[in-house]
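*Asks:* Pasting a structure below so you can have a look.
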């Protein structure tokens, strides 16, 4: 017997949580590069019973026997979703609004690309240069000239607050050339964008993710954002990049080497996304993992150790689920 709760939103994906009766136990590997745990009997019969069409009909789908309870992780909130099939795998306080830190720079990037050409050039203003001792920065200097594309790399790899301010300023000015607060205008657009895309537990006060009153997002909302990032060719490539160089023109012409703050990149089963850290937010992480050909996204908010909590979340998922191909015969489900 199966039960399903469906999350519909204005994203390329529909999220479901589902449990099914298992016929025979399966072996599983664990860890960041492991595969999943337990499975149910006939995927085709389940889909027929529930009248659910998977996002990718040929993709293996995750199923659990439901006998093993979900674990509890130390972080304030956590979520895991199979974006390929839309199945929700893990949820802990997934709708609770929490400080998101720099994970909202994913939203900053998406909103910026809606209004700016990636090849457009920008010049850095003095008030957009941040102290690298206090903030995460790309390393920009007054008068630096670079493209929107390079600013996006600087935003999402080293989590540059300086890059966020430049993008927000030029984006806000394009929205309203007469505004005296271009960054504020950009943030207004971030909140409009959030409503359009069903982020019902998110509100933004700045484009950097710095702790601020009434700035929050939920794990589920950030999973929606991750799905939209994957739907964007440029951003999906950027969040998967471990290290790159950026050419800066202007009075201090130079080549910057920028490194991704996501320490998981480099593993063959990791495909990207974004870290966040601040005093109120603590450690946050949106991460992407492969399970076979299926894309999994995990979100951890309010953590003392984001990598340990993400590993604990994945261990739980891998202990409870197995990815089963459509059309598999019942006699094959017990094969190891």
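Numbering (our numbering), first residue to last: 14 to 349.
Just so it is clear, CB atoms sit at the ideal spot from N, CA and C, and this is done for glycine as well.
Quantities reported herein were computed from a predicted structural model and do not represent experimental measurements.
(1) Let me confirm a value: residue 228 is counted as buried when at least 16 other C-beta atoms fall within 10 Å, else exposed. Which label applies?
(2) So what's residue 98 in DSSP terms, helix, strand or just coil?
(3) When you compare only the Cα positions, how much space is there between residue 192 and residue 206?
(4) Per DSSP, what kind of secondary structure is residue 190 in: helix, strand or coil?
(5) How many Å lie between residue 333 and residue 252 at the Cα?
(6) Using only the alpha-carbon positions, how far apart do residue 131 and residue 81 sit?
(7) Would you list the residues sitting across from residue 111 in a DSSP beta bridge?
(8) Could you round the C-beta distance between residue 87 and residue 322 to whole angstroms and report it? I think they count as a contact, below 8 Å.
(9) Using a Cβ-Cβ distance cut-off of 8 Å, determine whether residue 87 contacts chain D.
(10) Just confirm the distance between the C-beta atoms of residue 336 and residue 75, as a whole number of angstroms; I'd bet it's less than 8 Å.
(11) Assuming residue 296 is part of the beta strand (DSSP E), what are its boundary residues?
(12) Just to confirm, are residue 143 and residue 230 a CB contact at a threshold of 8 Å?
(13) Going by DSSP in three states, residue 36 sits in which element: helix, strand or coil?
(14) Relative to the C-alpha of residue 108, which residue among 324, 234, 338 is closest?
(15) Buried or exposed: which applies to residue 127, given that a residue is buried once 16 or more other Cβ atoms fall within 10 Å of its Cβ?
(16) What three-state label does DSSP hand residue 307 in the structure shown?
(17) What does a CB cutoff of less than 6 Å around residue 47 pick up in its chain, not counting 5 residues either side in sequence?
*Replies:* In short, the structure shows the following:
(1) Its Cβ being crowded by 16 or more others within 10 Å, residue 228 is buried.
(2) DSSP places residue 98 in coil when its eight states are reduced to three.
(3) In a straight line, the C-alpha of residue 192 is about 19 Å away from that of residue 206.
(4) Of the three classes helix, strand and coil, the one that applies to residue 190 here is coil, per DSSP.
(5) Straight-line Cα distance between these residues: approximately 28 Å.
(6) Straight-line Cα distance between these residues: approximately 47 Å.
(7) DSSP lists 230 as partners of residue 111.
(8) The pair is a contact, with the Cβ atoms about 6 Å apart (cut-off 8 Å).
(9) Going by chain labels, chain D is absent from the structure shown, which holds only one protein chain.
(10) Taking 8 Å as the upper bound for CB-CB distance, residue 336 and residue 75 are in contact here, some 5 Å apart.
(11) From DSSP, the beta strand (DSSP E) with residue 296 extends over 295-304.
(12) No. Outside cutoff.
(13) Residue placement at residue 36 is poorly supported in this model, since its pLDDT is 29, which falls under 50; the coordinates still yield a value, given next. DSSP, read as helix, strand or coil, puts residue 36 in coil.
(14) Ranking 324, 234, 338 by Cα distance to residue 108 puts 234 first.
(15) Residue burial annotation: residue 127 is exposed, with fewer than 16 other C-beta atoms found within 10 angstroms of its C-beta.
(16) The answer is strand: DSSP assigns residue 307 an E or B state.
(17) Unreliable positioning characterises residue 47 in this predicted model, as indicated by a pLDDT of 40, which lies under 50. The coordinate reading is nonetheless provided below. 331.
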